[in-house]
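Inspection log for the structure reproduced underneath, given as structure tokens.
There are 2 protein chains.
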Amino acid sequence: MRLTLYTDLSLRLLMFLALDPPGQATIQTVADRYRVSRNHLMKVAQQLGQAGFIETVRGRGGGLRLRRPPAEITIGEVVRTTEEDFRMVACFGDEASCVLTPACRLRGALGEALAAYLGTLDRYTLADLTAAGPPMRLALGLPPAEAA
Amino acid sequence: MRLTLYTDLSLRLLMFLALDPPGQATIQTVADRYRVSRNHLMKVAQQLGQAGFIETVRGRGGGLRLRRPPAEITIGEVVRTTEEDFRMVACFGDEASCVLTPACRLRGALGEALAAYLGTLDRYTLADLTAAGPPMRLALGLPPAEAA
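Note that the protein sequences, when read in sequence, are chains L and F.
Using the working numbering, the letters of the first sequence map in sequence onto residues 1 to 148.
Using the working numbering, the letters of the second sequence map in sequence onto residues 1001 to 1148.
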């Protein structure tokens, strides 16, 4: 059981942008700093844009930035958006291919477990994840934040 | 995010055996009733045997059976055994390939969510999942249970 690379990169891109509020980061910069594929990150950015998490500011001094404050973006919301497949086992699919499906309680138990998982992530925001600020900015090669 | 086919089949095999206490089921029978691959199920049975969940009784009247009562086998225990990879994102691996790892709180949040997921499954046993008995036996082509 693991999250997709797509979700992983989505969370990392959002964290980068939360740590870099000026909004001048490019896909290339983010890919370089994390040492991940620029092409993968491009797709991730497009889909996070479509989902309303980020936007691209064009022109001189432009770049990627969050559309909402980090404290208002929960990790549960991101994971629900980026993780396409929450079918835990065969009976979660449309096909309902298991003969036990009508009477079985496995689906209910797994559904409850998944709700507990996502419910935990709903309690964390992007602001929480990036609360350590300075060492994270340093690791990403970002300038120190301006005094708030 | 989904469980592997291996975990799916493991849970279904264990449920079958919980519903069929005489212990005369063969891999072939279970594969036929669920309409799943006999080869996959064979591997699943071997590994559940190694993990101490089931045993094979050889000879006439023999077959697969649970080594412990269904009420003593939790779903959390099964999933922890069968699901090999709980690395949620890159930083869960040995490689720790993300530059943010030392300061980031994502790992902690995902670890807490995973604990909530497995903790929920710890509250369900094989006996709970198969409590509906008769319709499940019917669906699997098993004879009605003897009067307890």
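Ideal Cβ positions, reconstructed from N, Cα and C, are used throughout, including at glycine.
query	result
Distance, Cα to Cα, residue 1057 (chain F) vs residue 1075 (chain F)?	24 Å
Pull up the CB-CB distance for residue 36 (chain L) and residue 10 (chain L), whole angstroms please, since I reckon it's below 8 Å.	So it is not a contact: roughly 12 Å between Cβ atoms.
Write down the C-beta distance between residue 1019 (chain F) and residue 1137 (chain F) rounded to the nearest angstrom, noting that I regard them as a contact closer than 8 Å.	5 Å
By the DSSP assignment, the beta strand (DSSP E) with residue 63 (chain L) in it spans what residues?	63 to 66
Mind checking residue 109 (chain L): buried by the 16 CB within 10 Å criterion, or exposed?	buried
Given this structure, state the Cα-to-Cα distance separating residue 129 (chain L) from residue 62 (chain L), to the nearest angstrom.	25 Å
Could you check the C-alpha separation between residue 1052 (chain F) and residue 1067 (chain F) for me, to the nearest Å?	7 Å
Assuming the contact rule is C-beta atoms closer than 8 Å, residue 27 (chain L) and residue 15 (chain L) should be a hit. Round their C-beta distance to whole Å, please.	That belief does not hold up - the Cβ atoms of residue 27 (chain L) and residue 15 (chain L) are roughly 15 Å apart, past 8 Å.
Report buried or exposed for residue 1134 (chain F), applying the criterion of at least 16 other Cβ atoms within 10 angstroms of its Cβ.	exposed
Report the rounded CA-to-CA distance for residue 7 (chain L) versus residue 38 (chain L), giving the unit in angstroms.	15 Å
Please state whether DSSP places residue 109 (chain L) in a helix, a strand or coil.	helix
Look at residue 55 (chain L) and residue 1120 (chain F) and say whether their C-beta atoms are less than 8 Å apart.	no
List, in chain order, every chain L residue whose beta-carbon is nearer than 9 Å to that of residue 1075 (chain F).	106, 109, 110 and 113
Report the option in L:83, L:87 and L:90 whose CA atom is closest to the CA atom of residue 1089 (chain F).	L:83
First and last residue of the beta strand (DSSP E) that includes residue 55 (chain L)?	54 to 57
Which whole-angstrom value is the C-beta distance of residue 2 (chain L) and residue 1085 (chain F), which I expect to be below 8 Å?	5 Å
Here's the rule I'm using: 16 or more other beta-carbon atoms within 10 Å means buried, otherwise exposed. How should residue 22 (chain L) be labelled?	exposed
Return the residues of the segment 39 to 52 of chain L that lie within a Cβ-Cβ distance of less than 9 Å from chain F, sorted by chain order.	none
Is the distance from the Cβ of residue 100 (chain L) to the Cβ of residue 1139 (chain F) below 8 Å?	yes
Roughly how many angstroms lie between the CA atoms of residue 1147 (chain F) and residue 103 (chain L), to the nearest whole one?	Annotation note: pLDDT 46 at residue 1147 (chain F) (below 50); position unreliable, coordinate value reported separately. Distance between the alpha carbons of residue 1147 (chain F) and residue 103 (chain L): 20 Å.
Who are the neighbours of residue 1080 (chain F) on chain B, taking C-beta pairs under 9 Å?	Among the protein chains in the structure shown, which are L and F, there is no chain B.
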